[in-house]
Amino acid sequence: MTKTPDILCIGSVLWDVIGRAASHMRVGSDVPGRITRLPGGVAMNIAMTLRRFSMTPALLTTVGRDAEGEELMGEAIRMGMICDYMYRSDDLPTDVYMAIEGANGLVAAIADAHSLEAAGEKILRPLADGRLGSAETPFAGLVALDGNLTEELLQVIATSPLFAATDLRVAPASPGKAERLLALVGHPSATLYVNLEEAGLLCQSAFETSADAAVALIKRGAHRVLVTDGGKSASEGTAGDIITQTPPAVMVTRVTGAGDTFMAAHIASEAQGMDRAASLTRALNAAATYVSGETPL
0 MTKTPDILCI GSVLWDVIGR AASHMRVGSD VPGRITRLPG GVAMNIAMTL
50 RRFSMTPALL TTVGRDAEGE ELMGEAIRMG MICDYMYRSD DLPTDVYMAI
100 EGANGLVAAI ADAHSLEAAG EKILRPLADG RLGSAETPFA GLVALDGNLT
150 EELLQVIATS PLFAATDLRV APASPGKAER LLALVGHPSA TLYVNLEEAG
200 LLCQSAFETS ADAAVALIKR GAHRVLVTDG GKSASEGTAG DIITQTPPAV
250 MVTRVTGAGD TFMAAHIASE AQGMDRAASL TRALNAAATY VSGETPL
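Going by numbering that gives the first Met the number 0, the sequence shown opens with residue 0, and the numbers climb by one from there.
Pasting the structure below:
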């Protein structure tokens, strides 16, 4: 019998291929390092962190029936995720993300999420056909949504009755896709998790601090926001009520997945009854530990 999920993670589940080098890199650099392949994607990264906080996520995504997809689904099941609601395609290959990281941070990355984009609304079928909910009795619970979905699908979600009762937590997949989230800025239950650059893209402005960005996003119509700025301050709040904290200083050894770790730790903390300040502190500590390399992927 399928377990009842604590949260739905909707979006990209793919293989992360990451090349990391200990030296600073620039365009054209050719240096020694390590190349790893690990389960990744925004929805998967969030789900993996949620599992470390003893939550049970269900994945709503597409994974191919190719060898890569079978292996990826097997890894997700092994980690304790619910995979019964995945859309499995005979024609679409399993997506992949490739990145290069140096001592100076992320050098370049390419996210091939074409299969997720092609699957479109098919990944939402369990929310409509009665397995997880329907238009008449929508799913009432936590949903983590990632910005790798197409702008058209995000616009559908913004007004869909299937999401009318959800506690919607939203993250852009990258600064390059941040503007896709404009459709969800006015959603009455959406919490947006963005970094300073992404906040600037959504507001078509530049901000000095996370608090400034949070205020601007709320003025633009956001219900609730969390804005991070790397090792600098992070702010959380709603209209007229912003709290700001500074993460612990650590040596950065990796960056891919840090934002997803922060978001998942914050969601888990609130789900476990922690207050706003404690939830933000715990999320910042989890992200700092992650980028320091102390927590395994």
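From the three backbone atoms N, C-alpha and C, an ideal C-beta is built for every residue, glycine too.
Inter-residue spacing [alpha-carbon to alpha-carbon] between residue i and residue j
i, j, result
"Leu296", "Met47", "For Leu296, the predicted structure reports a pLDDT of 41, less than 50, and the residue's modelled location is therefore unreliable. A value from the coordinates is still provided. Looking at the two C-alpha atoms, the distance is approximately 8 Å."
"Phe108", "Thr35", "Per the sequence shown, the amino acid found at residue 108 is Ala instead of Phe. Cα to Cα, the separation comes out at about 14 Å."
"Leu200", "Glu178", "6 Å"
"Ser209", "Asp90", "43 Å"
"Leu279", "Thr190", "14 Å"
"Glu163", "Ala127", "Inspection of the sequence shows that residue 163 is occupied by Ala rather than by Glu. In a straight line, the C-alpha of Ala163 is about 12 Å away from that of Ala127."
"Cys8", "Gly79", "13 Å"
"Ala220", "Ile266", "Per the sequence presented here, residue 220 reads as Gly, with Ala not at that position. Taking the straight line from one Cα to the other gives about 22 Å."
"Gly146", "Tyr96", "14 Å"
"Lys121", "Phe138", "17 Å"
"Arg281", "Ser268", "7 Å"
"Leu131", "Ala21", "45 Å"
"Asp259", "Leu71", "19 Å"
"Gly101", "Gly39", "19 Å"
"Ala285", "Pro56", "18 Å"
"Asp15", "Leu167", "25 Å"
"Val142", "Gln203", "27 Å"
"Thr60", "Ala117", "11 Å"
"Ala195", "Asp29", "In the sequence as displayed, the identity of residue 195 is Leu instead of Ala. The straight-line gap from Cα to Cα measures roughly 31 Å."
"Ala198", "Leu49", "25 Å"
"Arg33", "Gly119", "34 Å"
"Pro171", "Leu180", "7 Å"
"Lys300", "Glu67", "For the chain, the structure presents residues 0 to 296; residue 300 sits outside this window and is missing."
Residue from the options with nearest C-alpha to residue i
i, options, result
"Gly63", "Leu115, Cys8, Leu144 and Asp211", "Leu115"
"Pro247", "His222, Val226 and Ser291", "Ser291"
"Ile99", "Ile17, Ala205 and Asp259", "Ile17"
"Leu161", "Val224, Arg50 and Ala134", "Ala134"
"Val26", "Asn103, Val12 and Gly73", "Asn103"
"Thr255", "Ala287, Thr190 and Ile217", "Ala287"
"Met54", "Leu71, Ile6, Arg223 and Gly39", "Ile6"
"Leu123", "Tyr96, Leu141, Leu105 and Ile156", "Ile156"
"Ile242", "Thr227, Glu67 and Met250", "Thr227"
"His222", "Lys231, Glu235 and Met97", "Glu235"
"Leu37", "Glu74, Leu180, Ser173 and Ala213", "Glu74"
"Asp65", "Ala263, Gln154, Leu13 and Leu152", "Leu13"
"Pro174", "Tyr192, Thr165 and Gly119", "Tyr192"
"Glu151", "Ala257, Val106, Ala263 and Lys176", "Lys176"
"Ala233", "Pro92, Ala270 and Leu283", "Leu283"
"Gly140", "Leu153, Ala270 and Asn44", "Ala270"
"His23", "Met85, Pro92 and Leu105", "Leu105"
"Arg51", "Ala264, Gly272 and Ala277", "Ala264"
Contact check, residue i vs residue j, beta carbons under 8 Å
i, j, result
"Val169", "Leu144", "yes"
"Asp94", "Asp111", "yes"
"Thr245", "Lys231", "yes"
"Ile81", "Pro4", "yes"
"Thr158", "Ser188", "no"
"Ala182", "Leu153", "yes"
Supposed close pair residue i, residue j - CB separation, criterion 8 Å
i, j, result
"Ala42", "Ser11", "6 Å"
"Met250", "Ile45", "Contact flag wrong, Cβ pair sits at about 24 Å."
Going along the chain, which unbroken runs of the beta strand (DSSP E) with 3 or more residues stay wholly within the segment 232-287?
Counting only runs of 3 or more residues that sit fully inside the segment 232-287, the beta strand (DSSP E) segments are 233-237 and 240-244, in chain order.
What residue ranges within the segment 78-127 form continuous alpha helix (DSSP H) runs of no fewer than 4 residues, ordered along the chain?
Entirely contained in the segment 78-127, the alpha helix (DSSP H) runs reaching 4 residues are, in chain order, 113-118 and 124-127.
If we require 4 or more residues per run, which alpha helix (DSSP H) segments fall completely within the segment 146-179?
You should have 150-158.
Complete beta strand (DSSP E) runs within the segment 43-78 (minimum length 3 residues, chain order)
Listed in chain order, they are 56-59 and 61-63.
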